[in-house]
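All residue numbers for the sequence shown refer to the working numbering, where the first residue is 175 and numbers rise by one. Beta carbons: idealized from backbone N, C-alpha and C, even for Gly. Working notes for the structure below.
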Amino acid sequence: MLTTILDIARMNGNDALVGLIDEAAKPHPEITMVPARTIKGLNYKTLVRTGVPTGGSFRNANEGTDAKKGTFEQRMVSTYIFEPRFECDKAVADRHEDGAAAYLAIEAAAIMEGAFQDLCTQFYYGTDGKGFPGLIHAVTSAMTVNAGGSTAKTSAWAIRFGPQHTNWVFGNDGSMDMADPRIETLTDDNGKKFKGYVQEMLAYPGLQVGSVFSVARIKNLSTDSGKGLTDALVDDLLECFPDGTAPDLIVLNKRSAKQLKQSRTATNPTGKPAEWVTGVEGLNGQIIPVRITGAITNAETA
């Protein structure tokens, strides 16, 4: 069983944080399925394999062979300050029907859900310059299938897991700290002061993509005629991976999942429509999970 972000939270021994993460993570396969690891510091160097040596392995008797080596490039994997925070009016919280603690729990759940949406969006797009680069910065043209759409574009991703491939990285020994609520003086938009409750979580997430063969993408999926997701495109996606290998997960948004479902023809005797796709068969007969995420947008520009 692979270690996930929730497992790292459990190792920190913070029951309140584990509960918040467990609830907020449910809609996010990036959190529940992509493995995570911890590092002692905040960054490390890793070798990313870019090529495999082939040819020249056979030889005649009394004859040598040329030495060969794979091709690699060194990359720095860094973690970044991730500190979702909420503030609320103390008077509002204190007069909640079930008391201030209940109000703060509601706020904490909302801030965690929003934080995970940010984290998962960063996982693909890396659009926040204060955070880590996303999959879109790591995928190569050789691992990309172009669906050819031109309007309201989106992507589907195939991801390989593991220490040499794709995993979350959490710095500072995987520290995840949820501060206790505290009372501070807050300032409104007009510069006027009032008392409020403040609470934040602090972690140091990053993302490692360990090989050019770790992720593949179908891009330019759209609502244009014939440019939605189909099994043929999924086959092209799987074909990107080296022989004998396959992704551990395919992730797409709800629109692409609907297109894939509707592209299939029901073959059962009752004529029941094709079901939602939760897995596809890989080239070696294995079933690759397919999961829906809300973090992949329908307004991609690259």
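Could you spell out where the beta strand (DSSP E) holding residue i opens and where it closes?
i: M375; result: 367-376
i: T340; result: 340-344
i: E358; result: 356-361
Based on DSSP bridge pairs, tell me the residues matched to residue i.
i: D351; result: L376
i: D263; result: G370
i: L381; result: W342
i: V319; result: I392
Can you tell me whether DSSP reads residue i as helix, strand or coil?
i: P463; result: strand
i: V501; result: Outside the shown range of the chain, which is 175 to 476, sits residue 501, and nothing can be said about it.
i: E327; result: Reading the sequence as shown, one finds Lys at residue 327 and not Glu. K327: coil per DSSP, three-state reduction.
i: S162; result: Here the chain covers residues 175 to 476 and nothing more, so residue 162 does not appear.
i: R211; result: strand
i: S396; result: coil
i: L216; result: coil
i: V425; result: strand
i: G456; result: coil
i: R233; result: coil
i: R184; result: helix
i: E204; result: helix
i: A198; result: helix
i: V389; result: strand
i: A473; result: coil
i: A241; result: coil
i: A332; result: strand
Taking 8 angstroms as the limit between beta carbons, can you name the residues of its chain near residue i, skipping five residues before and five after?
i: A199; result: I179, L180, I205, T206, F290
i: K446; result: A440
i: T177; result: P209, A210, R211
Spatial neighbours of residue i within its chain, please: CB distance less than 6 angstroms, with the 5 preceding and 5 following residues excluded, ordered by chain position.
i: L411; result: V319, A332, A390, I392
i: V408; result: V454
In terms of residue numbering, what span does the alpha helix (DSSP H) encompassing residue i cover?
i: E287; result: 274-299
i: E413; result: 405-413
i: I310; result: 309-312
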